[in-house]
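A short worksheet on the structure shown next.
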Amino acid sequence: FNDHYKFEVLENATLRININDNGDTANYPVILRSFNSSMYWKGLGFIKADSASIIYNAYIQYSDSSGIRVDTSDITISHSTIQYNDRSSNDEGGGIKSVFSDIVIDNCLFEENAGYNGGGLYCYGGNIKITNNAFYRNLAFPGRGGGVYFRHVQTGEFSNNLLLHNEATQRGGGMVFND
Numbered sequence: 120f121n122d123h124y125k126f127e128v129l130e131n132a133t134l135r136i137n138i139n140d141n142g143d144t145a146n147y148p149v150i151l152r153s154f155n156s157s158m159y160w161k162g163l164g165f166i167k168a169d170s171a172s173i174i175y176n177a178y179i180q181y182s183d184s185s186g187i188r189v190d191t192s193d194i195t196i197s198h199s200t201i202q203y204n205d206r207s208s209n210d211e212g213g214g215i216k217s218v219f220s221d222i223v224i225d226n227c228l229f230e231e232n233a234g235y236n237g238g239g240l241y242c243y244g245g246n247i248k249i250t251n252n253a254f255y256r257n258l259a260f261p262g263r264g265g266g267v268y269f270r271h272v273q274t275g276e277f278s279n280n281l282l283l284h285n286e287a288t289q290r291g292g293g294m295v296f297n298d
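To convert a position in the sequence shown, counted from 1, into our numbering, add 119.
See the structure below:
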């Protein structure tokens, strides 16, 4: 991307990155980022997207919005890297922001993302399954939950995740759970 573009998956649509029609996964990564690292794009957005939406083996980088925004959708994100996304100026979830969604995140790296709350990952409502991920050097500025911030989550699993060197200016450098 070579400007402030965004990519949105709207109601009842499906996006499958690195998954073919047979459900097989690709061995090479898909890289979604700004053409120039000094310029930013607006990230991926899922709005009422279909439950078959899958992101596999992708790099989501250099968004000045959340790298991935998930709103009232079902999505699986696995074996991917979410890094260098900056949402700290005015909103939550630098790496991923999930609102009223069912989201599965497995075997991903969240690195050097920034958000007002939830520098790496912000989840509000919905059902979550967050397993086998690494959250490294994410920042919540000026808020809470440098690595992860959960709020009003209905059901969830958070297991076998590594939180290392995340920071928050208010509290919860690694993680905040707030209902």
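Backbone N, C-alpha and C define an ideal beta-carbon position, used for all residues, glycine too.
Query raised in the report: Considering only the beta carbon of each residue, do residue 193 and residue 172 sit closer than 8 Å?
Result: yes
Report task. May I have the straight-line CA-CA distance separating residue 288 from residue 259, to the nearest angstrom? Result -> Rounded to whole angstroms, residue 288 and residue 259 show a C-alpha spacing of 7 Å.
Query raised in the report: Alpha carbon to alpha carbon, how far is residue 212 from residue 238?
Result: 5 Å
**Report entry** Runs of beta strand (DSSP E) lying entirely within the region 158 to 195, each at least 3 residues, in chain order
**Finding:** 163 to 166, 172 to 175, 177 to 180, 187 to 190
Query - Per-residue burial, residue 290 [other beta carbons within 10 Å of its own, 16 or more giving buried] - result: Residue 290 is exposed by the Cβ-count criterion.
**Report entry** Residue nearest to residue 285 in terms of C-alpha spacing, selected from 152, 160, 272, 229
**Finding:** 229
Query raised in the report: Around the C-beta of residue 200, are 16 or more other C-beta atoms found within 10 angstroms, so that it is buried, or is it exposed?
Result: buried
**Report entry** Contiguous beta strand (DSSP E) assignments of at least 3 residues, all confined to the region 235 to 260
**Finding:** 240 to 243, 246 to 250, 253 to 255
Requested in this report: Please name the residue, chosen from 149, 153, 202, 191, that lies closest to residue 164 on a Cα-to-Cα basis.
Outcome: 191
Requested in this report: Please classify residue 283: is it buried, with 16 or more other beta-carbons within 10 angstroms of its beta-carbon, or exposed?
Outcome: exposed
Query raised in the report: Since residue 200 sits in a beta bridge, which residues does DSSP pair it with?
Result: Paired residue(s): 178, 228.
Query raised in the report: Is residue 262 near residue 293, with beta carbons less than 8 Å apart?
Result: With respect to the 8 Å criterion, residue 262 and residue 293 are not classified as neighbours on the basis of their beta carbons.
**Report entry** Boundaries (first-last residue) of the beta strand (DSSP E) holding residue 277
**Finding:** 274 to 278
Query raised in the report: Tell me which same chain residues have a C-beta within less than 6 Å of the C-beta of residue 178, skipping the five on either side of it?
Result: 148, 150, 200
**Report entry** Terminal residues of the beta strand (DSSP E) in which residue 269 lies
**Finding:** 267 to 270
**Report entry** Where the beta strand (DSSP E) containing residue 297 begins and where it ends
**Finding:** 294 to 297
Report task. On a CA-only basis, which of 233, 161, 273 is nearest residue 256? Give me that one, please. Result -> 233
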